[in-house]
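Asker:
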Amino acid sequence: MMNLVQRSVQDLAVNVPGASELFETYQINYKTEKKQPLQDAVLNGKLKLFEVTERLEFLLRTGPDSGYERWRQVSANELIAHIIENYHEKHRVQFSDAIRLTQKVATAHDHHANFPHELEAQLTRMQFDLEEHMMKEEVILFPMMEKGIYPSGPISVMEAEHVDHAKSLEYLRELTNEFAPPADASNSWAKLYTDLQALYFDLKAHIHLENDILFQPPS
């Protein structure tokens, strides 16, 4: 997000497919205020910075230059291998590292008024729920799909759990003030929020890839 908010609106409009249309929607002037950083343009327009950057992030991850559409052309087996390697295994590391860093920051900032004391418990719940979900996919659902079976029942269950994961992500965003640490935050606190923001976008992309491509019924 930091790179996005510091880039000029002209740079984003030119280099991110769909960004100019997004800016039109939010009435961000990218034609005359060409060199204005996105952060300044959004704040000057009294818009929500995270809302705009989240939509830009989605364009970057799923647009024509992202390679996302390639996954519609590959076999279920290849897509499953990609999901396990690039999302399941990555999330396991992300949550372990984030919980460990949260404990460190909590010890150092226990009395800080802006530190979210629910954060460790929320991350632990999310880690448990996601691990249980991923194991069901890896042990039950994915092997069935790799054999050419389309198990609509288990897929419906996974999609419902994705809704719960999305709700947990939104609560995580609220807890962390949209991943924005206070001005007097330590480097560790700032890194924690940067890591959590990356986790937020990675898990959203993971869910999107499964719901919109892998779980679609065969034609």
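Numbered per the UniProt record's numbering, the sequence shown spans residues 1 to 219.
A virtual CB, placed ideally from N, CA and C, is assigned to each residue, including glycine.
Computed from a predicted structure; not experimentally measured.
(1) Using only CA atoms, which one of 4, 59, 158, 105 lies nearest to residue 19?
(2) Between the stretch 188-199 and the stretch 101-119, do at least 3 Cβ pairs fall closer than 8 Å?
(3) What's the C-alpha gap between residue 184 and residue 112?
(4) Let me confirm a value: residue 24 is counted as buried when at least 16 other C-beta atoms fall within 10 Å, else exposed. Which label applies?
(5) Check whether the stretch 163-177 touches the stretch 31-38, taking contact to mean three or more Cβ pairs, one atom from each stretch, closer than 8 Å.
(6) State yes or no: is the C-beta of residue 26 within less than 7 Å of the C-beta of residue 47?
(7) The alpha helix (DSSP H) with residue 171 in it runs from where to where?
(8) Taking the alpha carbon of residue 212 as the point to measure from, which residue in 70, 50, 41 has its own alpha carbon closest?
(9) Roughly how many angstroms lie between the CA atoms of residue 156 and residue 190, to the nearest whole one?
(10) Cα-Cα, which of 215, 207, 218, 219 is closest to residue 61?
(11) Buried or exposed: residue 108, going by 16 or more other Cβ atoms within 10 Å of its Cβ?
Answerer: So, from the listed chains and residues:
(1) Of 4, 59, 158, 105, the residue nearest in Cα terms is 59.
(2) With a cut-off of 8 Å, the stretch 101-119 and the stretch 188-199 count as touching, because enough Cβ pairs lie within range.
(3) Roughly 10 Å between the two C-alpha positions.
(4) That one is exposed.
(5) Touching, no, given that fewer than three Cβ pairs across the two stretches are closer than 8 Å.
(6) Yes, they are a contact pair.
(7) Looking at the DSSP string, the run of the alpha helix (DSSP H) that includes residue 171 is 152-175.
(8) With distances taken between Cα atoms, residue 212 lies closest to 70.
(9) Approximately 38 Å, taken between the alpha carbons.
(10) Scanning 215, 207, 218, 219 for the CA closest to the CA of residue 61 turns up 207.
(11) It counts as exposed.
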